[in-house]
Amino acid sequence: METCSRASSSLCRLFLRALPKLFASSPGLLKTCQMDEPVHGTDLPQDILTHIFALLETPDLVRAGAVCSSWRAAYTSMCITGHCRLNQTPCLLYTSESGSASAMGLYSLAEKKAYTLTLPDPSGMVADGSPSTFAPSELRNYLFYKAFLSSDPCSGDYFVVLIHNPHSQLSFARAGDDKWTWLPPHTYYEDCLFNDGLLYASTLSGEIHAFDLGAPVVEASIVLGRVKDYLLERIYIVQAPSGELLQIWRSLVPPQGDEEDENDSDIEPELNDDSQLCNTFTINVHKVDLTSKDLVEISSLGQNVLFLGHNQSLFLSAEEYPQLKANHVYFTDDDFMYITWHKNNRRDIGVFDLGNNSSEEIVSPQLWSNWPTPLWLIPNPRRMSSACCK
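Residues in the sequence shown are numbered from 1 upward in steps of one, following the UniProt record's numbering.
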């Protein structure tokens, strides 16, 4: 009862946050909300609560579901049905040296606040291997680079694509497959994108290949040929709202002393050497001209935002995500060689302003461990139903 007595004040705060978007998306609710008598928060109809909850960011949504039984029922229903109209703002998922082995950190860009997540117990699995080789838990750090989903796994019908070693090759599996399918012969892939039933994959030299993973025989179709000879940038591929493919080049200042020298080939890198820092110093955006098979550089993202890193690359509208900075790129470290050679070094994570070619930290001091490197995550309320609505 005491918890429910706080419902009215909690609802007031949440309602005021959601009010502009609530009436903008559902004008008919204005008449529904016009009541002659005062109504306690716990007495509001479930449909009104669901409309309000559907417009909340994940932290507020979780708080709302904890207020009382009626709010929890609305929260559970919304999670199960997936009636969330507000696009959730990406968060940074990371580990922390101050946290336990069963916890991870989540930094909310919407709230500029950090949270601690409790991880489920690992499944009981036993792996056999020679003690003279890598342990499976260590070997995966050198095998897997990035993973990509074709759609929400809740649909039950989806593909998973891996960029993996050796030489950043591609393999894929469909939901229900008992093994991976290798996609030879090309190598050095950097990023992937699913669009209109096809997989688009960009290589370190800027090539873009297309694959129909549902075809009886999966072969690479060359969308864009080699566009550069020097391989110093990280390469990403995204789709703009207009449907155009964009290729992003992220240039890094390499760690000092990383240039090979014939006299020091046997010297191991200093893992704790602070001079071995790799920093982003410029980001260039190009439109892929499918007619001329060429790239056209774009000077601005307009009211849009990019997210780059170990995650699937994201292209978002700042108008839909008002907490984000338009014409900015949010990035995390994803240079495989730098990360694995310099595990203990400070990670290259920040926000890059395409308007003046400058970057700033997301939060200072950094909250995360240097290993493993953090990645971007978009909370999915539908996936929260099993974890939070029990």
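Backbone N, C-alpha and C fix where the C-beta goes; we use that ideal spot for every residue, glycine too.
- Taking each of 107, 342 and 49 in turn and checking the Cα distance to residue 69, the smallest one comes out for 49.
- In the DSSP assignment, the residues bridged to residue 210 are 200 and 221.
- In the three-state reduction of the DSSP assignment, residue 71 falls in the helix class, which pools H, G and I.
- Taking residue 318 as the centre and dropping the five residues before and after it, the same chain places the C-beta of 303, 305, 324 and 326 closer than 6 Å to its C-beta, in chain order.
- Note: residue 104 is bridge-paired with 117 in the DSSP secondary-structure output.
- Taking a cut-off of 8 Å for Cβ pairs, the stretch 340-353 and the stretch 291-301 do not touch, as fewer than three such pairs fall below it.
- The C-alpha of residue 51 lies about 10 Å from the C-alpha of residue 45.
- A distance below 7 Å between beta-carbons, with the five flanking residues on each side excluded, links residue 335 to the following residues of its chain, in chain order: 234, 252 and 278.
- If you look at residue 62, you'll find it in the alpha helix (DSSP H) that goes 58-65.
- In the DSSP assignment, residue 49 falls within the unbroken alpha helix (DSSP H) covering 46-53.
- By the CB criterion at 9 Å, residue 236 and residue 191 fall inside the cutoff.
- Pairing residue 208 with residue 362, the inter-Cα distance amounts to about 31 Å.
- Nearest to residue 183 by alpha-carbon distance, out of 199, 175, 176 and 195, is 199.
- At the C-beta level, residue 58 and residue 374 stay beyond 9 Å of one another.
- Per DSSP, residue 368 has no beta-bridge partner at all.
- The beta carbons of residue 97 and residue 369 sit closer together than 9 Å.
- DSSP places residue 280 in the uninterrupted beta strand (DSSP E) bounded by 279-289.
- Residue nearest to residue 356 within the set 341, 90 and 328 is 328 (criterion: CA-CA distance).
- Around the beta carbon of residue 311, 16 or more other beta carbons lie within 10 angstroms, which makes this residue buried.
- As far as DSSP is concerned, residue 319 takes part in no beta bridge.
- In the DSSP assignment, residue 339 falls within the alpha helix (DSSP H) that extends over 336-341.
- Residue 174 and residue 147 have their C-alpha atoms some 13 Å from each other.
- For residue 192, the enclosing beta strand (DSSP E) starts and ends at 189-195.
- DSSP, read as helix, strand or coil, puts residue 301 in coil.
- Per the DSSP secondary-structure output, residue 181 pairs in a beta bridge with 172.
- With a contact defined as Cβ atoms closer than 8 Å, residue 144 and residue 162 qualify at about 6 Å.
- For the 9 Å CB-CB criterion, residue 92 and residue 376 form a contact.
- The C-beta distance from residue 102 to residue 119 rounds to 5 Å, short enough to fall under 8 Å.
- The beta-carbon distance between residue 150 and residue 194, rounded to whole angstroms, is 4 Å. This is short enough to meet the 8 Å contact definition.
- Scanning its chain for C-beta atoms nearer than 8 Å, with the 5 sequence neighbours on each side dropped, one finds around residue 229 the residues 205, in chain order.
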